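Participant:
Take a look at the structure:
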């Protein structure tokens, strides 16, 4: 392979050059993954909270299932979403295959179990502290879910970041349902896969460095947001 | 500071839910009867102190009466009818370690009022009054969990009182507080009692029991050993266990 | 209150990103072409498609996968046009009714690349079948696509002609990567294995190491590309008119000229050979 230092200087030059193609790809990556995390949070957090406070038959089994689904292979998810959205599949009429929407759907499937499983843990711990007080205030189990989610918001941020990390880094699902179409569905990871297959290893690695840098920036931004808010709202 | 109009929970105008009658109340865990009470009647008015050595089942009894846990046998009746949402709405409880939401001091009180179904329009004023009452007005915007231990418990107490309960359960509310903070809590509790709120309070501080109690329920190994007027109880306890307890001996 | 600014900042960030990102899903006019890595990764399609888009207003979205997967995707109706290189499979696709009609577009050629050490001693040969027999005989490592792609199918035909049973050698000197051309070349360079590749991918490949072309010029290495419109009678979603317009352009004088003019490092990679059309048809 090429000199190992090359990718770093290349990554640096790429960032400095403000390359329009690169910017498009980076923005699409962020848009797809952040949207997926947002939707997955809307589903996963209440689901996790329900598993944490609920008392129903099969709850233990459901927790095991959700925990196991954290390890869903992206390729399998991609394949399933492809079969759903394909013109030969049940949702073919929606014409979503090879669009960013298809990529968002696949990532939602990947990320929801992660957010649900981690939310369940956070909410269960908090509920241990809150449950009696909330019952005393006349708040039922079901009605306590929004309270627990809101009061656990700083810990839940970690769940969101874990989901975001999974979404922004995976390639197996988006390359199948997105098709890695230039200017349409090409994101950071599929570009890295493409450049690797072209043998442009330095460029691929440079893009990888940029991807990691973006992930660090998003984490830092959330950290700052959280730090600022925590100072004011929380002990 | 005193505001009888606002903290007159259980005032005569409200439908009374007392007396509280427990019959055949049993709670067991691991095959042991932790609570086994044939009959306990707590009447309206004044402060009932639940006393007893560690492990007597005081906290458990309070949770059973408040309805936080369900008994394995027996029944509870509030003024002759079983516990339901309406009787629940007229009760509140303060725990040994205050459970404060991760929100501002004011938001903690607002949350309790909202959960109690108070209309939004009235809540802001009632939050302000409760804060004033607890001496917490200057800390309204502060995160509740940054308060000192005494302030936290004061907040928990005025939050419980904000919904104007007819019955207030207190589970060793000053167990981990210094004397000054304890005095502040006791002041608020006596004031609530004077305003007509029935206080049912667990403590193992005999001094506190003497200061606040109108009657005493003495619990030992899950059973009511004595239930009598406070003055009589402290002057002449009727049971060996209570005598030993008041004398400061180890009660096994 | 503080919590509002907290949520507000998050929402503003999300909204900003959404607006800043290209709205690719807007209902512009486009077709999807299921094609192979050799045409897309070599840069051919990127080079010639803008002219077509400019002329017709039709954007061409290329999904670059192996020929086998491209044909399967097209069978599912997930594409309007198929542009691949495996003539027997293409003819079967049309015969089964999935495609309307197959047209020759162009050809390129395969080459065998290998390490400078050349353990099988095949460098400079123009007899691919003989060279492959020697590789098998020497037990020199050979990296195969193993992915049912057009290149893989061509390679298997050559082994058959050479009388070598590669299935028996699988896992030994014969190593199937189950990956695309580029990944297989990366693997081949990594383990010093011979690889059959299309010339276009090889020339534009960036990680050659000490590898070079060892066998080329055999007529059996000829690699024909065909283009097929996916049958709208099978899949109503197929954009038949726009897809046909693309096929007409690609096999017509403008497309053919653009293909011939595409060069990397001064080398022409694809040679147009569409049959001239009767005057009335385009």
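Residue numbers (the working numbering), protein chains in the order written: chain A, 157 to 391; chain B, 1329 to 1580; chain C, 2 to 283.
For every residue, glycine included, the Cβ atom is placed at its ideal position computed from N, Cα and C.
For clarity, every value in this text was computed on a predicted model and none was experimentally measured.
Only counting the same chain, and skipping five residues up and downstream in sequence, which positions put a Cβ closer than 6 Å to that of residue 233 of chain C?
Facilitator: The residues are 239, 241.
Participant: Taking a Cβ distance cut-off of 8 Å, strictly less, list which residues of the stretch 1526–1555 of chain B are near chain A, in chain order.
Facilitator: Listed by position, the residues of the stretch 1526–1555 of chain B near chain A (Cβ gap below 8 Å) amount to none.
Participant: With 8 Å set as the bound, which would you pick, yes or no: does the beta-carbon of residue 196 of chain C sit closer than that to a beta-carbon of chain D?
Facilitator: Of the chains in the structure shown, none is chain D; the protein chains are A, B and C.
Participant: Alpha carbon to alpha carbon, how far is residue 1337 of chain B from residue 1496 of chain B?
Facilitator: Note that residue 1337 of chain B has pLDDT 43, beneath the 50 cutoff, so the model's placement of it is unreliable and the number below is only indicative. Taking the straight line from one Cα to the other gives about 9 Å.
Participant: Counting pairs of Cβ atoms below 8 Å between the stretch 328–339 of chain A and the stretch 260–276 of chain A, do you hit three or more?
Facilitator: Enough Cβ pairs lie closer than 8 Å, so yes.
Participant: Check whether the Cβ of residue 40 of chain C lies closer than 8 Å to any Cβ atom in chain A.
Facilitator: Chain A, which has no Cβ nearer than 8 Å to the Cβ of residue 40 of chain C, makes this no.
Participant: For chain A, check one thing: does any of its Cβ atoms lie closer than 8 Å to the Cβ of residue 82 of chain C?
Facilitator: Residue 82 of chain C does not count as touching chain A.
Participant: Evaluate residue 220 of chain A with the Cβ neighbour count: other Cβ atoms within 10 Å of its Cβ, from every protein chain shown; 16 or more gives buried, anything less gives exposed.
Facilitator: Its Cβ having fewer than 16 others within 10 Å, residue 220 of chain A is exposed.
Participant: So what does DSSP say about residue 374 of chain A, is it helix, strand or coil?
Facilitator: Note: residue 374 of chain A maps to helix in three-state DSSP.
Participant: Indicate the three-state DSSP secondary structure (helix, strand or coil) for residue 162 of chain A in the structure shown.
Facilitator: Correct three-state label for residue 162 of chain A: helix.
Participant: When the Cα of residue 1391 of chain B is compared with those of A:289, A:307, A:301, which residue comes out closest?
Facilitator: Selected option, being the one with the closest Cα: A:289.
Participant: Below 8 Å, how does it come out for the stretch 1429–1448 of chain B and the stretch 1507–1517 of chain B: are there three or more Cβ pairs, yes or no?
Facilitator: No contact exists between the stretch 1429–1448 of chain B and the stretch 1507–1517 of chain B.
Participant: Could you pull out every residue in the same chain whose Cβ sits closer than 7 Å to the Cβ of residue 347 of chain A, ignoring the five residues on either side in sequence?
Facilitator: If we look at residue 347 of chain A and ignore the five residues flanking it on each side, its Cβ neighbours are 181, 363.
Participant: Taking Cβ positions, are residue 94 of chain C and residue 72 of chain C nearer each other than 8 Å?
Facilitator: Yes. Within cutoff.
Participant: Is there a C-beta anywhere in chain C that falls below 8 Å from the one on residue 352 of chain A?
Facilitator: Taking Cβ atoms only, chain C reaches closer than 8 Å to residue 352 of chain A, which makes this a yes.
Participant: From the DSSP output, read off the bridge partner residues of residue 107 of chain C.
Facilitator: Looking at the DSSP assignment, residue 107 of chain C forms a beta bridge with C:226, C:273.
Participant: Short of 6 Å in beta carbon distance, which residues of its chain neighbour residue 188 of chain C, apart from the five on each side in sequence? Order them along the chain.
Facilitator: Contacts found: 144, 178.
Participant: With distances taken from CA atoms, which of C:35, C:60, C:41, C:29 is nearest residue 246 of chain C?
Facilitator: Out of C:35, C:60, C:41, C:29, C:60 has the C-alpha closest to the C-alpha of residue 246 of chain C.
Participant: How big is the Cα-Cα spacing for residue 180 of chain C and residue 176 of chain A?
Facilitator: Their backbone Cα atoms lie some 30 Å apart in a straight line.
Participant: Give a yes or no on whether the C-beta atoms belonging to residue 343 of chain A and residue 231 of chain A are separated by under 8 Å.
Facilitator: Result no, Cβ atoms of residue 343 of chain A and residue 231 of chain A do not sit closer than 8 Å.
Participant: Starting from residue 31 of chain C, trace the beta strand (DSSP E) in both directions and tell me its first and last residue.
Facilitator: Element bounds for residue 31 of chain C: 31–37.
Participant: At least one CB of chain A closer than 8 Å to the CB of residue 1448 of chain B: is that the case?
Facilitator: No, residue 1448 of chain B lies away from the interface with chain A (no Cβ there is under 8 Å from its Cβ).
Participant: At what residues does the beta strand (DSSP E) containing residue 213 of chain C begin and finish?
Facilitator: Residues 213–216.
Participant: State the start and end residues of the unbroken alpha helix (DSSP H) segment that holds residue 1536 of chain B.
Facilitator: 1534–1540 is the extent of the alpha helix (DSSP H) around residue 1536 of chain B.
Participant: Alpha carbon to alpha carbon, how far is residue 259 of chain A from residue 334 of chain A? Give it in angstroms, no decimals.
Facilitator: Each residue's Cα considered, the two are about 6 Å apart.
Participant: Distance check for residue 79 of chain C and residue 151 of chain C, CA to CA, integer angstroms please.
Facilitator: Cα-Cα distance, rounded: 19 Å.
Participant: Pop quiz: residue 105 of chain C and residue 274 of chain C are said to be a contact at Cβ under 8 Å. What is the actual Cβ separation, rounded to whole angstroms?
Facilitator: Indeed, because the Cβ distance is near 6 Å, the residues count as touching under 8 Å.
Participant: Which whole-angstrom value describes the C-beta separation of residue 199 of chain C and residue 224 of chain C, a residue pair presumed to lie in contact below a C-beta threshold of 8 Å?
Facilitator: Contact flag correct, Cβ pair sits at about 6 Å.
Participant: Let me make sure I understand the geometry here. Which of A:323, A:375, A:213, A:358 has the alpha-carbon closest to that of residue 165 of chain A?
Facilitator: Selected option, being the one with the closest Cα: A:358.
Participant: According to DSSP, which residues form a beta bridge with residue 1556 of chain B?
Facilitator: According to DSSP, which records beta bridges pairwise, residue 1556 of chain B is partnered with B:1544.
Participant: If you compare alpha carbons, which of C:149, C:157, C:153 is closest to residue 134 of chain C?
Facilitator: If we check each option's Cα against that of residue 134 of chain C, C:157 comes out closest.
Participant: Please classify residue 254 of chain A: does DSSP put it in a helix, a strand, or coil?
Facilitator: Residue state, collapsed to three classes: coil.
Participant: Shortest alpha-carbon distance to residue 430 of chain A belongs to which of A:257, A:371, A:280, A:162?
Facilitator: No statement about residue 430 of chain A is possible, as the shown extent of chain A runs from 157 to 391 and does not include it.
Participant: Would you kindly report the start and end of the unbroken alpha helix (DSSP H) that includes residue 241 of chain A?
Facilitator: That run of the alpha helix (DSSP H) goes 230–241.
Participant: If you measure from the beta carbon of residue 165 of chain A to each beta carbon in chain C, is any gap under 8 Å?
Facilitator: Residue 165 of chain A does not count as touching chain C.
Participant: Exposed or buried, residue 1507 of chain B, counting other C-beta atoms within 10 Å across all chains shown (16 or more means buried)?
Facilitator: The residue in question, residue 1507 of chain B, is exposed, as its Cβ has fewer than 16 Cβ neighbours within 10 Å.
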